[in-house]
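Residue numbering for the sequence shown follows this note's numbering, starting at 1313 and increasing by one per position. Below: the structure, in structure tokens.
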Amino acid sequence: HQIISEDFLEQIAGELEEESGTGEWASIPGREDFELDLDYGVSDFYPRFEGSVEVVRRLLREKINESEQAAFFALLYVNAITLLEAYLADVFISLVVKHLLLLRKFVESDPIFEEQKIATADIFHHMDSIPSRVKNHLHVLPFHRLEKVQAMYSSVMGIKFPAS
């Protein structure tokens, strides 16, 4: 049985679209959204991340009814975590897929790829599909698990996260 009617959800989505002024509300991404090529450079990621963080900072300065503060701050917290997760994922995936050395380091260090055995006759077939297989694998990884993300950044790119 359905808890919330589809009409109600469409009404809320319409109100959010109207309020945001963008004319669209974020949909749930499907598999086809993850198979698109990343055709922008890594330099684009930080300004977008920084701009989104600034929006969160501005929202923190807004006056909110005391009865709504807990929910409001919880939403901003989740948004901040999501921003960080998206930034870390975008940068890592873009760099790994575009640079053969990083792609090789990732494939050689990731447990999913380490355990796969390939017949010699199939090597060239698998070589051609490695970038898309890696990209698809990375898109489903939870980049909010910082201990795993830190290990990937360290083993593949030699980047260490600050201790705090």
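No residue lacks a Cβ here, since even glycine has one placed at the ideal position from N, Cα and C.
DSSP three-state label for Arg1445, please. Here DSSP, grouped into helix, strand and coil, assigns Arg1445 to helix.
If we ignore side chains and look at the alpha-carbon of each, how far apart do Val1409 and Leu1415 end up? Computed Cα separation, rounded: 6 angstroms.
Counting only the same chain and skipping the five closest in sequence on each side, list residues whose C-beta sits under 7 angstroms from that of Ile1393. His1456
Note down, in chain order, each residue of its chain lying with its Cβ closer than 6 angstroms to the Cβ of Leu1450, except the 5 sequence neighbours on either side. Ile1405
Three or more C-beta pairs below 8 angstroms linking the region 1434-1452 and the region 1417-1424: yes
Mapping the DSSP letters down to three states, classify Asp1402 as helix, strand or coil. Of the three classes helix, strand and coil, the one that applies to Asp1402 here is helix, per DSSP.
Closest to Leu1412 by C-alpha separation, out of Val1461, Pro1454, Ile1442 and Glu1459, would be which residue? Ile1442
Cα-Cα separation, Ser1364 to His1437: 41 angstroms
Taking the straight line between their C-alpha atoms, what separation do you get for Leu1387 and Arg1370? 14 angstroms
Taking C-beta to C-beta, are Phe1418 and Val1452 nearer than 8 angstroms? no
Using 10 angstroms around the beta-carbon of Asp1402, count the other beta-carbons present and answer buried if the total reaches 16, otherwise exposed. buried
Which of the three DSSP states, helix, strand or coil, is assigned to Asn1391? helix
Starting from the C-beta of Val1390, find all residues in its chain whose C-beta is less than 7 angstroms away, skip the five residues before and the five after it, and write them out in chain order. Contacts found: none.
Which residue wins for smallest C-alpha separation from Ser1464, given the options Tyr1358, Leu1407 and Phe1385? Residue identity check: residue 1464 is Met in the sequence provided, not Ser. Selected option, being the one with the closest Cα: Leu1407.
How many angstroms separate the CA atom of Arg1360 from the CA atom of Ala1431? Straight-line Cα distance between these residues: approximately 43 angstroms.
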